[in-house]
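Each protein sequence line maps, in turn, to chains D and G.
Numbered per this note's numbering, the first sequence spans residues 487 to 632.
Numbered per this note's numbering, the second sequence spans residues 487 to 632.
Number of protein chains: 2
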Amino acid sequence: MQAKELNELIDIYTSAMNEVNRRVNILMNEQVHQELTSDQFATLRYVQKKQPCTSSDIAHEFAIGKSAVTAQINRMVERGLIDRQRDEEDRRIVYLSLTPTGEETMAEGTQRLYEVLGEILSEFSEQEIERFVQSLEKLVSILRKH
Amino acid sequence: MQAKELNELIDIYTSAMNEVNRRVNILMNEQVHQELTSDQFATLRYVQKKQPCTSSDIAHEFAIGKSAVTAQINRMVERGLIDRQRDEEDRRIVYLSLTPTGEETMAEGTQRLYEVLGEILSEFSEQEIERFVQSLEKLVSILRKH
DNA sequence: GTGAATAGTTTCATTATTGAACTATATTAA
DNA sequence: TTAATATAGTTCAATAATGAAACTATTCAC
Numbered sequence: 487m488q489a490k491e492l493n494e495l496i497d498i499y500t501s502a503m504n505e506v507n508r509r510v511n512i513l514m515n516e517q518v519h520q521e522l523t524s525d526q527f528a529t530l531r532y533v534q535k536k537q538p539c540t541s542s543d544i545a546h547e548f549a550i551g552k553s554a555v556t557a558q559i560n561r562m563v564e565r566g567l568i569d570r571q572r573d574e575e576d577r578r579i580v581y582l583s584l585t586p587t588g589e590e591t592m593a594e595g596t597q598r599l600y601e602v603l604g605e606i607l608s609e610f611s612e613q614e615i616e617r618f619v620q621s622l623e624k625l626v627s628i629l630r631k632h
Numbered sequence: 487m488q489a490k491e492l493n494e495l496i497d498i499y500t501s502a503m504n505e506v507n508r509r510v511n512i513l514m515n516e517q518v519h520q521e522l523t524s525d526q527f528a529t530l531r532y533v534q535k536k537q538p539c540t541s542s543d544i545a546h547e548f549a550i551g552k553s554a555v556t557a558q559i560n561r562m563v564e565r566g567l568i569d570r571q572r573d574e575e576d577r578r579i580v581y582l583s584l585t586p587t588g589e590e591t592m593a594e595g596t597q598r599l600y601e602v603l604g605e606i607l608s609e610f611s612e613q614e615i616e617r618f619v620q621s622l623e624k625l626v627s628i629l630r631k632h
């Protein structure tokens, strides 16, 4: 491919990617997790899946510092969404888990996530989605090497 | 497609998309725009392309409030990257443009953006990239309708 | 010419983030 | 066994991004 064409493709890629993120974000804020920020929703989702989950896991997963995680978790502990529990074996470690309220919030949010994204994805053919997701995953694996 | 499969695909899509954004962001911070935040780089890029560009344009483009734009532009004006110039016809309007320093910063950043993304995209076939970008754009157009 | 609309700013509160210093605990090696 | 080091997490201070509401200045419409 010629450099010029490639650069055009990069321009298209970056602006499309930005717009997708922006719009998905708006959609999520409006229809999926009104009561949470996008970061909080993502973190809760991760904590729920990982189980047991520590601050360091989150910091690593989202590539942010541990102090940022502490701040975010504090807010959610205050709002009764997350519990902290110290490991009795190794008392440096603090395990995070969803409170019943947190579980409930996430059950509803996840349900709406599936509905909203499902509706959007229904406009694509199965093959198209799979191909797209495959390319995304390939992109992830290349980015991991960098 | 069955609901279960679709939901799995949604899980894969969301986590892949999150990881791509996260890693691209890290890559950009490290190799493309060390001296700027991602938001600032995106805004400068937009101002440069749009020309003439107003605060309202930016607010609309990035789907954020005008007060958020004012705050961001202030920081970049202070750093000598952006100039404000009032329209003499309609004195409510303020045009934004890159200062020579801003232009220089963006010339370098854009160059590095092409290099870095070009290297990553070189691992894909031309057809694969085009298909992926097409799906992205289709996604954008569906999201616009929502 | 007055009232409504538009462009942008100010102010205030919240959230997210980094980096450095710090506490507490566990591990290792002399 | 203890002294040095590593690990897990928190605290603190600063910067950035953001929304909402109140505001200023200007233009437009009737």
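Positions of the beta carbon are idealized from the N, C-alpha and C atoms, including for glycine.
Give me the Cβ distance between residue i and residue j, rounded to the nearest whole Å; I'm assuming they're in contact under 8 Å.
i: G/E521; j: G/Y532; result: That belief does not hold up - the Cβ atoms of G/E521 and G/Y532 are roughly 18 Å apart, past 8 Å.
i: G/F527; j: D/S621; result: In fact, because the Cβ distance is near 24 Å, the residues do not count as touching under 8 Å.
i: D/T556; j: D/S542; result: At roughly 11 Å, the Cβ-Cβ gap does not stay under 8 Å, so D/T556 and D/S542 are not in contact.
i: D/M592; j: D/L530; result: 5 Å
Kindly list the residues whose CB is nearer than 6 Å to the CB of residue i, restricted to its own chain and excluding five residues on each side of it in sequence; keep chain order.
i: G/D569; result: S583 and T585
i: D/R572; result: V580
i: G/Y499; result: none
i: G/P538; result: Y581
Would a C-beta distance cut-off of 7 Å place residue i and residue j closer than the cut-off?
i: D/I615; j: G/L495; result: yes
i: D/H649; j: D/G588; result: Residue 649 of chain D falls outside the range modelled here, since chain D spans only 487 to 632, and no answer is possible.
i: G/K536; j: G/A545; result: no
So, for residue i: in the same chain, excluding its five sequence neighbours on each side, which residues have a beta-carbon less than 7 Å away from its beta-carbon?
i: D/Q517; result: R598 and V602
i: G/L513; result: V602
i: D/I559; result: S541, I568 and L582
At a threshold of 6 Å, does residue i count as lining the ligand GDP (C-beta to nearest heavy atom)?
i: D/H519; result: The ligand GDP is not among the ligands present in this structure, which contains no ligands whatsoever.
Which residues in the same chain have their Cβ closer than 8 Å to the Cβ of residue i, if we skip the five residues on either side of it in sequence?
i: G/S524; result: N511, M514 and N515
i: D/L607; result: I615
i: G/S611; result: none
Which whole runs of the alpha helix (DSSP H) in the stretch 529-557 of chain G are 4 residues long or more, in chain order?
541-548
Okay, do the stretch 610-629 of chain G and the stretch 494-511 of chain D touch, 3+ Cβ pairs below 8 Å being the bar?
yes
Is there contact between the stretch 561-581 of chain G and the stretch 599-609 of chain G, where contact requires at least three CB pairs shorter than 8 Å?
no
At what residue ranges does the stretch 569-601 of chain D contain a whole run of the alpha helix (DSSP H), taking only runs of 4 or more?
none
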